[in-house]
Every structure is written in C-alpha cells, then in structure tokens.
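Numbering (the numbering used here), first residue to last: 63 to 571.
Accompanying notes for the structure given below.
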Amino acid sequence: MSCACAGDKFNAPSASCRLLITYPLLWAILSERKVACVKFTRKIILSVTMILCVLFSAAGIWMIQANFKNSLEKTISQKTQEHLLERYGMENYVMSALDKEGNIPWEEVESYAGQMVSYLSNDKKILIYRGEEEIYSNCSQKWPQSLLGQLLKGEQIRYQVEKIQKKHWILTASSLEINRERLTWISVYDISDVYWERDRQLEDFYVIDGMILIVCAVAVGLLACLLTAPIRRLNEVSKQIAGGSYEQRVGITTTDEIGELGASFNKMADTVQGKIEELEDMVRQREEFVANFSHELKTPMTSIIGYADLLRTKQMDENKRQKALLYIFQEGRRLENLSYQLMDLMGLSENKITCIPMNIKKWMMEFIRRMEARWQWQESQMKIVCHVQEETVLGDQCLLEECLGNLVENAKKSEPKDGIITIIGKRIEDKYYIAVEDKGCGIPSEEICKVTESFYMVDKARSRNQGGSGIGLSLCEKIVRLHGSSLKIESTLGEGTIVSFFLDIYMEN
Numbered sequence: 063m064s065c066a067c068a069g070d071k072f073n074a075p076s077a078s079c080r081l082l083i084t085y086p087l088l089w090a091i092l093s094e095r096k097v098a099c100v101k102f103t104r105k106i107i108l109s110v111t112m113i114l115c116v117l118f119s120a121a122g123i124w125m126i127q128a129n130f131k132n133s134l135e136k137t138i139s140q141k142t143q144e145h146l147l148e149r150y151g152m153e154n155y156v157m158s159a160l161d162k163e164g165n166i167p168w169e170e171v172e173s174y175a176g177q178m179v180s181y182l183s184n185d186k187k188i189l190i191y192r193g194e195e196e197i198y199s200n201c202s203q204k205w206p207q208s209l210l211g212q213l214l215k216g217e218q219i220r221y222q223v224e225k226i227q228k229k230h231w232i233l234t235a236s237s238l239e240i241n242r243e244r245l246t247w248i249s250v251y252d253i254s255d256v257y258w259e260r261d262r263q264l265e266d267f268y269v270i271d272g273m274i275l276i277v278c279a280v281a282v283g284l285l286a287c288l289l290t291a292p293i294r295r296l297n298e299v300s301k302q303i304a305g306g307s308y309e310q311r312v313g314i315t316t317t318d319e320i321g322e323l324g325a326s327f328n329k330m331a332d333t334v335q336g337k338i339e340e341l342e343d344m345v346r347q348r349e350e351f352v353a354n355f356s357h358e359l360k361t362p363m364t365s366i367i368g369y370a371d372l373l374r375t376k377q378m379d380e381n382k383r384q385k386a387l388l389y390i391f392q393e394g395r396r397l398e399n400l401s402y403q404l405m406d407l408m409g410l411s412e413n414k415i416t417c418i419p420m421n422i423k424k425w426m427m428e429f430i431r432r433m434e435a436r437w438q439w440q441e442s443q444m445k446i447v448c449h450v451q452e453e454t455v456l457g458d459q460c461l462l463e464e465c466l467g468n469l470v471e472n473a474k475k476s477e478p479k480d481g482i483i484t485i486i487g488k489r490i491e492d493k494y495y496i497a498v499e500d501k502g503c504g505i506p507s508e509e510i511c512k513v514t515e516s517f518y519m520v521d522k523a524r525s526r527n528q529g530g531s532g533i534g535l536s537l538c539e540k541i542v543r544l545h546g547s548s549l550k551i552e553s554t555l556g557e558g559t560i561v562s563f564f565l566d567i568y569m570e571n
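Shown next as structure tokens:
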C-alpha cells in the first residue's frame, strides 16, 4: 500500500544555525571599509578563517540535516507499519462484528479502540471518524481542522507531521468503506525525540565548530606570520632605502616566488644605488667642471688684463713691451684652444657620427706628416715612430685625427726620455688595435681613473705652462666611445704610458 505525505516534514535549521553561517559574511560586510587598512597578515587570517567557517559550518549542518532526514524517514516508515498493523486488526474486528444486515456496530468499535489503547500503551493516541464525525479520541490536543480535513480524504495511507506545544507529532490515517459507511482510523505518534536529537547534535556541533575555528584561526595566524615575514622584511628594507640607506638589501634565500621577488628587489636596489651614485658623480663632476672652467678662464684673463693694463698705463722699452704682448698672445691662444675643445666636447654629446671605410696605414702616415710639420714650426725635437699594419677600418677621420692628436700631444708633454713617441697599429682577431706609447714621466696609479675627467690634470702647473687645459683626454674618451670602444690607459710612474683603443674592421660583402 502506498503512502502519501502532506505538510512540511523537515524544518529548516534553527536561527542560531543560520546566524553561524551568515555571521562571517556579515562581519566582512561591516568591516569592508576597514579591510583596506588591515595588515596583509590579518587579511590572510580573516579570509582563511571565513572560508573555513563557511565550509566547515555548511558541511556539518548538511551532515546533521542528512542524518535527521534519514532518521525521520525511518521513524515515519516504522510508524506507518505500526498503523497498518492496527488498521488490519481493526478491519478484521469490524468485519467479524457486522450484524445480519452488514451494518457496523459503532459502539463495539469504540469499545475495541479503548481496549487496544489499554493493551498497547497508555500513551497511545487514536482518533476514529465515521465519515467526518469523530466517534472516538483519547487525544487532549486540538488538531487544526485543515489538517484533519486532509487526513479524512482519500483511500491511501496518509500522514502529516505537525508541531503543537513544542512537540512534533505524526498523524497517520487510513479509511475503510463498508456498506457505504466510511470509517477512518488515525494513529498519532510522538516523534519529538527525533527533532530533539537533531537539536542536540546542532548544539554540540556549534561548540565543536567554535573550538575548531579558534584553533584554525590561531594556526592560520602563526602560519601567515611565518609566510609573510619575508614580505615584512621587504617592506622594512624598502622604507630604509626610501630614507636614504641605499646599501640595504633583503636577505631572503628561499626559492619560491617570494624568494624570486626578493632577488628581483635586490637587483632593483643595486640598479637604483648605481644610478644614484652615477647621478651623484655627475653632479660632482659638473660642479668640478664649473669650478675648473671658471679657474681656467680666470687665469689667462687675469694675465691678459694685467699685461694690457701695464701697456696702457706705463711706458716701457721695446723688449718689455714685446714680452708683455707675447704673454697676451699666448694667453689669448690658450683661451681660443680652450673654447674650441669645449665646443668639440659639447658637440660630441649628440652621439651621432658617420663611420666610413679608411685605409688606416695611409691615413696614419698623413697624420704623422702633419704633426711633424707642426712640431718643426714649433722647433720641437720630438719624433714619432710608426708601426702600423695595412688594414681597412671603419671610423670618422676628423674625430680620429682629433683623438690621436690629443694623445700624441699628451705623450709629448710627458717629456719622453728618448724623445720618441711610438704609434702602434695591428689587427687582433676581428678588431684593429691602436696605441700611443711614450717613455715619459708616467701617471700615478691612483690618478689613472681620473685623467679622463674634464679639466683634470695630474701636474696642473706643468700642464698650464705647456698650454694644457685638462680637456684632451676627456675628448678622446668620448670619441673612442662613439666608435664603440673604450680608452685603456696603462702607466708606470717614471717609466712611461700606453694609451690604446680598438676600431672595427671593414668587412666587404
């Protein structure tokens, strides 16, 4: 025989259960405006705890509700079977008690019901209806008419779960049709213990859930503090670097993403520190450049003004007059040379040159011829010795002549003991090597790294007496860099100096 169910069998979780689920979400919503200010570690703790709270609470409540549903279904099935047994007993009694006309003896039915209640249990609740008229009931509760109306309809076994006065009842009903008389037997069972067991499990779960969440929050907090320690270190170091301690570095040695971040941060800090040092060095060099330039202008200008004023205000013999004019001429040429070199130095800042193929040996011979002709006019006894291999190189002839001319002039000013300046040119692998060598006074080792700075002079007094300005090697360094090379200076004090660089070799297609 089939069963039909009406009414709400399974109640929703209690209000406290719903609060357990919604509380973390409500907390997050209410604290949304504060989350942005919360430390990253606290965000991790809050997020993980919320996820664990929602998942664990949902899983626990689902399991308890599933167990409750299973227990309720088993109880309903059991009570339905009991009702069937009672109904069969009632049906057999009624069929055997029919009178000759086949009428149901209703007084005997009531008596049988009382005997059955006494036999089964004093707690047994039974209702018997003749049609829609109640003929027997031992229930003190008042049932809703809508509930009774549903139970009195139909031929199948029907049941309803109802909560009255904090208790849950299941009413199971079935009907008999005998000689157009309808008899409905309703069994009432107290199933509150099933709901009480569910509530007890929920209460125990709330306690366990709270304890587990507290333990998880502490564990997640410790783990988050451990995992975010490198991030805090990054933050501290970044603040120190922002405060000017550019030498600070992050000591993170892990191989995970945070370790890679730390390594990248250290590289960035190295780059930043290098750039700042370059900027500081540039500022220092600029200040020195301005100071040296002002000094270089002041010295010849003072001499020119002094001798000019002397010629203007005093009478002197021809010899002294010629000497004063010579000083003025020399200082004027010195200013002119300084201005040309400055113009060349500023012009090279554009970093745009055109390199063309050139026969280096032929060009070198023409250069030496012009230099010796100039020295002959200056009555210099210095000689240039050339050891140059035949090769075609790429270069800017005007700039290379300016560079090589400055190197040869510097070698001349070093006063070589043998009066010889040697120029060497040879191929080394896929590059062409050019060097200017002398046996002069040399350069102190601690000064070599500074000689390419503008206006820097190792011996300032001697350099000025020889017409030097301290810009020559700085100009050479820029020219060589524009040709894709660098100036290499090797020198020993008292023995001599070698200045060299490389040029690209021209490759025919």
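The C-beta atom is built at its ideal place from N, Cα and C for all residues, glycine as well.
Every beta strand (DSSP E) of 3 residues or more that sits fully in the segment 467-521 is shown, in chain order, as 482-490 and 493-500. Along the length of the segment 130-195, whole alpha helix (DSSP H) runs at least 4 residues long occupy 168-182, reported in chain order.
Boundaries of the beta strand (DSSP E) around residue 229: 229-240. In this structure residue 386 is not in contact with residue 397, their Cβ atoms being roughly 17 Å apart against a cut-off of 8 Å. Within the same chain, 465, 468, 469 and 549 come within 7 Å of residue 538 by CB-CB distance, once the 5 residues on both sides are set aside.
Within the same chain, 179 come within 6 Å of residue 186 by CB-CB distance, once the 5 residues on both sides are set aside. DSSP, read as helix, strand or coil, puts residue 258 in helix.
The residue from 567, 338, 147 and 540 with its alpha-carbon nearest to that of residue 423 is 567. Your pair residue 559 and residue 500 checks out as a contact, with CB atoms roughly 6 Å apart and the cut at 8 Å. The beta carbons of residue 292 and residue 317 sit no closer together than 8 Å. Segment contact: the segment 164-172 against the segment 231-244, three or more CB-CB distances shorter than 8 Å; contact assigned. Taking C-alpha positions only, residue 378 is separated from residue 371 by approximately 12 Å.
In this structure, residue 505 keeps its C-beta atom at 8 Å or more from the C-beta atom of residue 498. Bounds of the alpha helix (DSSP H) holding residue 208 are 207-213.
A direct Cα-to-Cα measurement between residue 389 and residue 383 gives close to 10 Å. Around the beta carbon of residue 152, 16 or more other beta carbons lie within 10 angstroms, which makes this residue buried.
For residue 220, the enclosing beta strand (DSSP E) has its first and last residue at 219-226. The segment 265-285 and the segment 294-313 do not touch, with fewer than 3 CB-CB distances between them shorter than 8 Å. Counted as a single uninterrupted DSSP element, the stretch harbouring residue 307 is not any beta strand (DSSP E), since DSSP gives it neither H nor E. The alpha-carbon separation between residue 142 and residue 234 amounts to approximately 7 Å. Classified as exposed, residue 132 has fewer than 16 neighbouring CB atoms from the shown chains inside 10 Å of its CB. Linking residue 193 to residue 176 through their CA atoms gives a straight-line distance of about 20 Å. Under DSSP, residue 246 forms a beta bridge with 191 and 237.
The secondary-structure analysis by DSSP pairs residue 420 across a beta bridge with 455.
Of the candidates 471, 202 and 223, the residue whose Cα lies closest to the Cα of residue 139 is 223. Its chain contains 444, 445, 446, 447, 470, 473, 474, 498, 499 and 500 as the residues whose beta carbon lies nearer than 8 Å to that of residue 483, once the 5 sequence neighbours on both sides are disregarded; these appear in chain order. Each residue's CA atom was taken as its position, placing residue 323 and residue 333 some 15 Å apart. In this structure residue 119 is buried. Its beta-carbon is surrounded by 16 or more other beta-carbon atoms within 10 angstroms. Cα atoms of residue 541 and residue 461: separation of roughly 6 Å, rounded to the nearest angstrom. In this structure, the beta-carbon distance from residue 556 to residue 503 falls below 8 Å. In the three-state reduction of the DSSP assignment, residue 198 falls in the strand class. In this structure, the straight-line span from the alpha carbon of residue 381 to that of residue 375 is close to 17 Å. Residue environment: residue 338 is assigned as exposed (fewer than 16 neighbouring CB atoms within 10 Å of its CB, all protein chains considered). Distance from the CA of residue 103 to the CA of residue 311, rounded to the nearest whole angstrom, comes to 22 Å.
Closest in alpha carbon position to residue 199, among 247, 225, 221 and 170, is 247. In the DSSP assignment, residue 449 falls within the beta strand (DSSP E) that extends over 445-450.
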